[in-house]
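Participant: This note's numbering applies: residue 2 is where the sequence shown begins, and numbers increase by one. No residue lacks a Cβ here, since even glycine has one placed at the ideal position from N, Cα and C.
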Amino acid sequence: MKTYANIADGVVQYLLPTDGDIAEMFHPDMIWVDVTEVVSAPVAGWTAVEADGAWSFAAPVPPVLTDAELKAAALSQRDALLSQANEATAGMADAFLADLLSDADKAMFKAYAAYKLALNKIDKQPGYPTTITWPTSP
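#1: Rounded to whole angstroms, what's the CA-CA distance from Leu-191 to Lys-107? Just pull it up for me.
#2: Out of Ser-77, Trp-56, Ala-86, Ala-60, which has the shortest C-alpha to C-alpha gap to Lys-139?
#3: Do the stretch 48 to 62 and the stretch 21 to 28 touch if we need at least three Cβ pairs shorter than 8 Å?
#4: Looking at C-alpha atoms only, which residue of Thr-4, Met-26, Asp-30, Asn-121 is the closest neighbour of Asp-10?
#5: Looking at Ala-69: is its Cβ nearer than 8 Å to the Cβ of Ile-133?
#6: Taking the alpha helix (DSSP H) that Glu-51 belongs to, which residues open and close that run?
#7: Can you grab the Cα-Cα spacing for the pair Leu-66 / Leu-118, in whole Å?
#8: Any idea which residues DSSP pairs Thr-19 with across the strands?
#9: Just checking my contact of Met-93 with Leu-102 at CB under 8 Å: how many whole Å lie between their CB atoms?
#10: In chain order, what residues of the same chain lie with their CB nearer than 6 Å to the CB of Thr-4, ignoring the 5 residues before and after it?
#11: Could you tell me the boundaries of the beta strand (DSSP E) in which Ser-57 lies?
#12: Using the beta-carbon count (16 or more within 10 Å), is Val-13 buried or exposed?
#13: Could you tell me which residues DSSP pairs with Asp-35 in its beta bridges?
#14: May I ask you to list the residues that DSSP assigns as paired with Val-13?
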């Protein structure tokens, strides 16, 4: 059995293992490359380049995010975590101020307050926004 890669626009679309004659199975305009013996077998999404009759394959390079994109992603993550923390402590602020919480609930409320404060300070960390040490949720 052989494995063939279907190539379109310089990208592996999918792999097809078959015992059949690939030239008889598909339209001749389709590009099929025998990858049975390729050491690092390509997968869908890999780039495919043909030079002098030989094919080479490479995993796609992840995009490099700009500083603004990294900041936007970090702030979006922070906002989602803050929203979860606010849901976990909904209605507790007034009860805390009125001293109506049990000791366990007070401890939880204070832990979430510290967590939310740490989330709001992520932009002060060295290496931000490339490197962020996210606080652990209580």
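Facilitator: Per the coordinate set shown:
#1: Residue 191 is absent from the model: the chain starts at 2 and stops at 139.
#2: According to the sequence as given, residue 139 is Pro; it is not Lys. Minimum Cα distance to Pro-139 is reached at Ala-86.
#3: no
#4: Asp-30
#5: no
#6: Segment 48 to 52 is the beta strand (DSSP E) holding Glu-51; no alpha helix (DSSP H) there.
#7: 27 Å
#8: Lys-3
#9: 7 Å
#10: Leu-16, Pro-18, Val-36, Thr-37
#11: 55 to 59
#12: buried
#13: Tyr-5
#14: Ile-8
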